[in-house]
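Residue numbers for the sequence shown follow this note's numbering, beginning at 1254 and rising by one.
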Amino acid sequence: MRWCYSCVSRRSMRSGIACTDAHRRHFLDSVILFVCGFLLIAHASAGENVLRVLAWPGYADADVVKTFEDRYHAKVEVTLVDSDEALWDKMHQGSHPQFDVLAANTAEIQRYTHENLLAPLDLARLPNTSRQLPRFRALSSIEGLTNQGNVYAIPFTYSTMGLIYDRKQVSVAPHSMNELWNPRYRGKVLDYNSAQHNFSFTALALGYPNPFQLNGAQIQTITRKLVDLRRNLLTYYNLPEEAAAYFVQHKAALMFGNYGTQQVELLRRAGADVGYVIPDEGVLAWLDCWSMTNAAANRPLALAWINYMLEPGVSQLLTQRQGLANTLAEPPESTGKSHIIWIEPVEDIQKREALWSRIVSGDRPERF
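This is the structure:
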């Protein structure tokens, strides 16, 4: 037992005991403060190892995320979007991006690069890119992936946006997107809720040479044609699962397949007898890529995520579960010599979205 000299001088055992208890309490208080401080530091350190991911459904499933978290001792926070417009809005919340990595198509990547929202990628930290098919390793040949010698996006998955049809109601496979307007399918058509893609695929159906750069007269013609399409519509959809449910439950006949083979896979699993065609006039196609934002707090972790997404096991899961092509292996069903058009930034996205909002809301035809 240790004694306080002031207590000894008083020759008081009671005081000595009291002083000893006080010292013990002081010691315990010090230990508690030390432990709390250590926990706070540990918590702060763990907080720095958080990866904020912005992606589409199916790109970051729970088990895929868990494996990454365990490997890198990190926490991954995933935010899902159901449209390019929603992704754009998420990226513009606050004064700077609230995410570290995002998955977006090449057209959107160009928009984000133009606004300086993305950070250049260090390819040396992405060794799994060597596993990709040659056409996806040739980054400079794909519009939107590079800028001023820097790489801003790595291809991940892709699909054409063709026409999905019910074989029981459509006995002969359609050859044109114009079939969506066939009066025979009144109330049996599903359309994806997107200003960009609807104006672009309708431009192809009308034979316009560049579906991404339309003049005023072309925009007006397309707007009226999209208003006319409402006569045949069952409804608009956003997510592939939503579209599959509508298609099966309401016996739709035709659908603009924004998610392409992913939707075909979902429908077939649901028991639907569907076919998938690429129109004679050509088909839009999207190439989704992973990028790192300029707000990424832990860039090595962000690069590790992009590299992880290109592991064979992860990429194969995307194909097995979602029916989407990956960039490591050729898809089982080749598109052959089909006229595939990778989507690009459009002439005036604000104008398209304003018109589309009016179309979807049911604005009267004579007002366009």
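By construction, the Cβ of each residue, glycine as well, lies at the ideal position given by its N, Cα and C atoms.
- Distance check between P1350 and each of T1359, Y1365, S1336, E1361 places Y1365 closest, using alpha-carbon atoms only.
- In the three-state DSSP reduction, W1341 falls in the helix class (H, G or I).
- Residues L1392, A1406 of the same chain have their beta carbon placed closer than 6 Å to that of L1398, with the five preceding and five following residues left out of the count.
- When only Cα atoms are considered, W1309 and N1579 end up about 15 Å apart.
- Taken through DSSP and simplified to helix, strand or coil, M1414 comes out as coil.
- The three-state secondary structure of I1531, taken from DSSP, is coil.
- Ranked by Cα distance from K1604, the options D1526, S1447, Y1561 are led by S1447.
- Per DSSP, F1509 lies in no alpha helix (DSSP H) segment; the continuous beta strand (DSSP E) that holds it begins and ends at 1507 to 1509.
- Across the structure, L1386 and N1463 are spaced so that their CA atoms are roughly 28 Å apart.
- R1378 carries a helical assignment under DSSP once its states are collapsed to helix, strand and coil.
- DSSP places Y1325 in the helix class (H, G or I) of the three-state scheme.
- Rounded to the nearest whole angstrom, the CA to CA distance from E1494 to L1519 is 7 Å.
- DSSP, read as helix, strand or coil, puts N1547 in coil.
- Where D1481 is concerned, the enclosing alpha helix (DSSP H) starts and stops at 1469 to 1482.
- If you look at T1580, you'll find it isn't in any beta strand (DSSP E); DSSP assigns it neither H nor E.
- The beta carbon of P1584 sits closer than 7 Å to those of A1578, all from its chain and outside the five residues before and after it, given in chain order.
- The Cβ-Cβ distance between L1307 and L1355 falls below 7 Å.
- In this structure, the alpha-carbon of A1313 lies about 10 Å from that of T1332.
- Separation of the CB atoms of Y1438 and A1506 is rounded to 5 Å, and the pair is thereby assigned contact status at 8 Å.
- A Cβ-Cβ contact shorter than 7 Å links I1593 with V1536.
- Taking 8 Å as the upper bound for CB-CB distance, Q1516 and A1497 are in contact here, some 7 Å apart.
- Annotation note: the region 1379 to 1459 contains the following uninterrupted beta strand (DSSP E) runs of length 3 or greater, listed N- to C-terminal: 1407 to 1413, 1416 to 1419, 1442 to 1445.
- Going by C-alpha positions, R1521 is about 19 Å away from D1444.
- Residue D1616 holds the alpha-carbon nearest to the alpha-carbon of R1477 among D1616, V1329, E1322, D1323.
- The beta-carbon distance between A1372 and C1542, rounded to whole angstroms, is 14 Å. This is too long to meet the 8 Å contact definition.
- Between V1329 and L1374, the CB-CB gap reaches or exceeds 7 Å.
- Of all alpha-carbon atoms in Q1422, V1480, H1450, T1572, the one lying nearest the alpha-carbon of Q1466 is that of H1450.
- A buried status is given to R1305, since no fewer than 16 other beta-carbon atoms sit within 10 Å of its beta-carbon.
- In the DSSP assignment, L1556 falls within the unbroken alpha helix (DSSP H) covering 1552 to 1562.
- In the structure shown, E1597 adopts coil according to DSSP, grouped into three states.
- With fewer than 16 other Cβ atoms inside 10 Å of its own Cβ, A1315 counts as exposed.
- Under the three-state reduction of DSSP output, Y1489 falls in the strand class.
- Exposed is the label assigned to F1621, since fewer than 16 other Cβ atoms lie within 10 Å of its Cβ.
- Counting of Cβ neighbours within 10 angstroms places G1513 among the buried residues, the total reaching 16 or more.
- For Q1422, same chain residues with a beta-carbon under 6 Å away, outside a window of 5 residues either side, are A1506 in chain order.
- If the five residues before and after S1568 are omitted, its C-beta is found closer than 6 Å to the C-beta atoms of N1579, L1581, all from its own chain and listed in chain order.
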